[in-house]
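Each remark here refers to the structure printed beneath this line.
Numbering (the working numbering), first residue to last: 298 to 774.
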């Protein structure tokens, strides 16, 4: 055996021992990780207007303390972006560790804010009281995305136990505080912390997996357009008996207008909204019906391969209506009705172009001369991953080794608009979209939950990935 061969064998042995230690650390640390996650779930960190902002601040401090306690980072802080309007963004956590000896730097992203809980009566246990039933942990944010936060914490812990002071990998942690409210100060935060956030690889832990046994790397995301539409037909409410049948009420006009957004089979009917045409794997309608919770006899909408409808085509949903409740309804013609419209935009289409198409359609189809007002417009760009990079290969191998099965490359019907900002500010960085969710997670819905087996495998995947990157220099790729 030559000296070079001997050195190679020795390095392979050291790497195997280190990875065995990481597997052991992740397994031993899982109860602590679940406890940390449960503590975070108890903090109702809803970033939406009208909710207690102090809870988001409390959550940020708790997350910062977790990363500080790893002992890995040179600096950990809670920061807010300064925006053009003069309002500070929600508190985010920024932690940094400088790379040494030519090693790459990895940015770990997640968000600590959560969706509103909705009606507590729809939950089987209180939304902010973490509850284990079977192999799942229930609670708002238990999966989306406080599990993403803690998966980063737990992976870094395992890395620290394995390397100690020998760790030369650069690490940056960015835990956002307003992702569920549209990441409105995200771009400002990137610009104001550009140097600290610069990285070679960015891991966005905010997506899902194929199922509880098969990991997934998300390679496409739809963009989004949201807006408030107000439809007005009368200067004041009128008696439905005296004027009904001749005077067009705003509710009728709104219903007629909204009905033009779709064809009879449920496909989007807005001219100018495009499809990406990307290839999709085969899937079962039966599985979709179960995962989506369709009632008996209810059928999927749209045409073409089912996953194509979810990943590669646009979708439009009315997510809210401001109108009298049934209990408070009186016999009057409504002068004005407001709705919130959420559109998902196929990869490859600019969200701003999609908004103009939707706006044009609404004004062109307003019935009875109804007056329209569009406000509160928000857009987010779609995303397609370049799968040819070395980081993708490393991530897929780490997934296969942690889960015991090869990962699936998937699209996601949802949106993570800030990824477009990451690409713009850090064009050379390779972006990996991973996650801890599965088809039964019910993110954003009542009874949101995390599969604890998926949680463990997600932590191990990231720990293995970081360990392998820690063994390489940028010149190795």
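Even for Gly, the Cβ is constructed at its ideal location relative to N, Cα and C.
Query	Result
Are the beta-carbon atoms of residue 499 and residue 406 separated by less than 8 Å?	yes
Do you know offhand how far residue 305's Cα is from residue 354's?	Per-residue confidence for residue 305 stands at a pLDDT of 47, beneath the threshold of 50, marking its modelled position as unreliable; the derived number appears in the next sentence. Using only the alpha carbons, I get a separation of about 49 Å.
Can you tell me whether residue 759 is helix, strand or coil according to DSSP?	helix
Since I believe residue 527 is in contact with residue 670 (beta carbons under 8 Å), could you give me their beta-carbon distance rounded to a whole number of angstroms?	4 Å
Tell me, please, which residues DSSP counts as bridged to residue 637.	525, 617
Identify which residue in 560, 476, 739 has its Cα closest to the Cα of residue 588.	739
Apart from the five residues on each side of it in sequence, which residues of its chain come closer than 6 Å, Cβ to Cβ, to residue 774?	687
Using a threshold of 8 Å, state whether the C-beta atoms of residue 509 and residue 751 are closer than that.	yes
Below 8 Å between beta carbons: does that hold for residue 766 and residue 403?	yes
Using 10 angstroms around the beta-carbon of residue 349, count the other beta-carbons present and answer buried if the total reaches 16, otherwise exposed.	exposed
Quick check on residue 747: does DSSP put it in helix, strand or coil?	strand
Where in the region 550-622 do unbroken runs of the alpha helix (DSSP H), each at least 4 residues long, occur, reported from the N-terminal end onward?	582-589, 603-608
Can you give me the Cβ contacts of residue 302 inside the same chain, cut-off strictly under 6 Å, excluding the 5 residues immediately before and after it?	Any reading at residue 302 is ruled out, since the residue's pLDDT is 47, under 50, leaving its predicted position unreliable.
Need the endpoints of the alpha helix (DSSP H) that residue 715 sits in, please.	715-722
Are the CB atoms of residue 385 and residue 377 nearer to each other than 8 Å?	yes
Provide the residue(s) that pair with residue 406 in DSSP beta bridges, ordered along the chain.	471, 501
Please classify residue 591: is it buried, with 16 or more other beta-carbons within 10 angstroms of its beta-carbon, or exposed?	exposed
Output yes or no for whether 8 Å exceeds the beta carbon distance between residue 572 and residue 679.	no
Look at residue 330 and residue 451 and say whether their C-beta atoms are less than 8 Å apart.	yes
Quick one: is residue 473 buried, meaning 16 or more other Cβ sit within 10 Å of its Cβ, or exposed?	buried
State yes or no: is the C-beta of residue 446 within less than 8 Å of the C-beta of residue 360?	yes
Does residue 393 pass the burial test, meaning 16 or more other C-beta atoms within 10 Å, or should it be called exposed?	buried
With the cut-off set at 8 Å, would you say residue 730 and residue 494 are in Cβ contact?	no
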